[in-house]
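Visitor: Numbering (this note's numbering), first residue to last: 1226 to 1587. Glycine included, every Cβ here is placed at the ideal spot set by N, Cα and C. Just so you know, these numbers come straight off a predicted model, no measurement behind them.
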Ligand SMILES: [Zn+2]
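(1) Could you compute how far the alpha carbon of residue 1269 sits from the alpha carbon of residue 1284?
(2) Of the choices 1392, 1397, 1550 and 1495, whose alpha-carbon is the least far from that of residue 1440?
(3) Can you list the alpha helix (DSSP H) stretches of 4 or more residues lying completely in the stretch 1483-1517, in chain order?
(4) Where DSSP assigns a beta bridge to residue 1440, which residues make up the other side?
(5) Between the C-alpha atoms of residue 1400 and residue 1349, what's the straight-line distance to the nearest angstrom?
(6) State yes or no: is the C-beta of residue 1548 within less than 8 Å of the C-beta of residue 1254?
(7) Tell me which same chain residues have a C-beta within less than 6 Å of the C-beta of residue 1239, skipping the five on either side of it?
(8) Which of the three DSSP states is assigned to residue 1425 in this structure?
(9) Let me know the secondary structure DSSP gives residue 1445 once reduced to three states.
(10) Can you find the residues in the same chain that come closer than 7 Å, C-beta to C-beta, to residue 1249, ignoring five residues on each side of it along the sequence?
(11) Jot down the residue ranges of each uninterrupted alpha helix (DSSP H) in the stretch 1238-1303, minimum 4 residues, whole runs only, in chain order.
(12) Can you look up residue 1550 in the DSSP assignment and give me helix, strand or coil?
(13) Can you list, in chain order, the residues of its chain whose CB lies under 7 Å from that of residue 1263, leaving out five sequence neighbours each side?
(14) Between residue 1324 and ligand 1, is there a pair consisting of the residue's CB and a ligand heavy atom that are separated by less than 7 Å?
(15) Looking at residue 1255 and ligand 1, is the gap between the Cβ and the nearest heavy atom below 7 Å?
(16) Which residues mark the beginning and the end of the beta strand (DSSP E) in which residue 1323 is found?
(17) Using a threshold of 7 Å, is the CB atom of residue 1528 nearer than that to any non-hydrogen atom of ligand 1?
(18) Taking 8 Å as the cut-off, decide whether the C-beta atoms of residue 1490 and residue 1537 are in contact.
(19) Within the present structure, is the beta-carbon of residue 1435 separated from the nearest heavy atom of ligand 1 by less than 7 Å?
(20) By DSSP's criteria, residue 1346 is part of a beta bridge. Which residues make up the other side?
(21) Is it right to say residue 1377 is buried, meaning 16 or more other beta carbons lie within 10 angstroms of its own, or is it exposed?
(22) Between the alpha carbons of residue 1234 and residue 1281, how many angstroms are there, rounded?
(23) Determine the extent of the alpha helix (DSSP H) in which residue 1371 is found, giving its start and end residues.
(24) Would you say the stretch 1458-1475 touches the stretch 1532-1546, given that touching needs at least three Cβ pairs under 8 Å?
(25) Report all residues from its chain with a CB closer than 6 Å to the CB of residue 1426; omit the five preceding and five following residues, and keep chain order.
(26) State whether the stretch 1299-1316 contacts the stretch 1379-1390, with contact taken as three or more CB pairs (one from each stretch) at a distance under 8 Å.
(27) State yes or no: is the C-beta of residue 1464 within less than 8 Å of the C-beta of residue 1437?
(28) Which ranges does the alpha helix (DSSP H) cover as unbroken runs of at least 4 residues, wholly within the stretch 1531-1578, from first to last along the chain?
(29) Anyone know if the C-beta pair for residue 1405 and residue 1237 falls short of 8 Å?
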């Protein structure tokens, strides 16, 4: 099988979709990012102890994906579906990109059920999360820094994993991944992260889906793009994510514009607008990017959804509520009040995703 059958189409969890049908698109969300096993109470067993400061993660960490309990599926149907439906019917958000990577994703059938119940198309990611610095967050021991499968696999094995999830389906289902997620935090990659970027580049070459990244510190964008470029990736097919502060830093902007000259796309996320003034610099940066002729290389994501960061599986707590709708209810109106024009907004929310999400030959 090749991706030729998908050329020009967006690979969603319910099958290939015509990009003209996408509407407004959020490019970086998480329906289910759970690094821990489900609470036994979801299976009718005695519950795990509640998370505490001393023991924030009382449940074992996940090392592989498995089917979801009916109780958790019901929670997502009850909580997430109304929000997705509202975003679709009131704001024309007909699709979003779910960039959770294994082993924290939901089982594939969950995405199709949520998509069918809400009418929102979901583009699911394959790929690999970054290596967390030893001692930070939950990475108390080396085996928790990154998914063990990544540590022990070769570049070829990692690339094959992604290609299989895109071309054949995820976990033996006919649900296909439609993008490749990669990530680093520090300006210099670790050897394991380097392996994931080489693998992602090779998977791109064999499939033509876009690459989307987790990029935290200034400089990580350059190391990510440098290695993807060395591996022969067309940088127009790459979206560098979490770059609100990269763009808002006037002295750093030049570096981003020079990567845009080479085709790369950039995506601010985590748009918490409770202090609107904090976003003035980003809106100024967006105007500059448009003035430089690169408005076609900007995307937005919220990085919202459901996760276990607090120890409990619940709505993301580091963002104001609610998932998906916060973008339309609060962020875009604030951005407009700061000077983002209707034309700029449409380019970022509608036109750019429509161009980037479809499969393109490599
Ligand atoms: Zn994220």
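Guide: In short, the structure shows the following:
(1) 16 Å
(2) 1495
(3) 1505-1516
(4) 1409
(5) Roughly 9 Å separates the two Cα atoms.
(6) At a Cβ-Cβ threshold of 8 Å, residue 1548 and residue 1254 count as neighbours.
(7) The beta carbon of residue 1239 sits closer than 6 Å to those of 1337 and 1340, all from its chain and outside the five residues before and after it, given in chain order.
(8) In the structure shown, residue 1425 sits in a helix (DSSP, three-state: H, G or I).
(9) For residue 1445, the secondary structure class from DSSP, reduced to helix, strand or coil, is helix.
(10) 1316, 1317, 1318, 1574 and 1575
(11) Fully enclosed alpha helix (DSSP H) runs of 4 or longer: not present.
(12) When secondary structure is reduced to three states using DSSP, residue 1550 falls in the helix class.
(13) Taken in chain order, the residues that qualify are 1294 and 1297.
(14) True, at least one ligand heavy atom lies under 7 Å from that Cβ.
(15) yes
(16) 1320-1323
(17) yes
(18) no
(19) no
(20) Per DSSP, 1320.
(21) Residue 1377 is exposed by the Cβ-count criterion.
(22) 42 Å
(23) Where residue 1371 is concerned, there is no enclosing alpha helix (DSSP H), given that its DSSP letter is neither H nor E.
(24) no
(25) 1453, 1456 and 1458
(26) Two segments are said to touch when three or more pairs of C-beta atoms, one from each, lie closer than 8 Å; by this definition the stretch 1299-1316 does not touch the stretch 1379-1390.
(27) yes
(28) 1557-1562 and 1567-1571
(29) Residue 1405 places its beta carbon 8 Å or farther from that of residue 1237.
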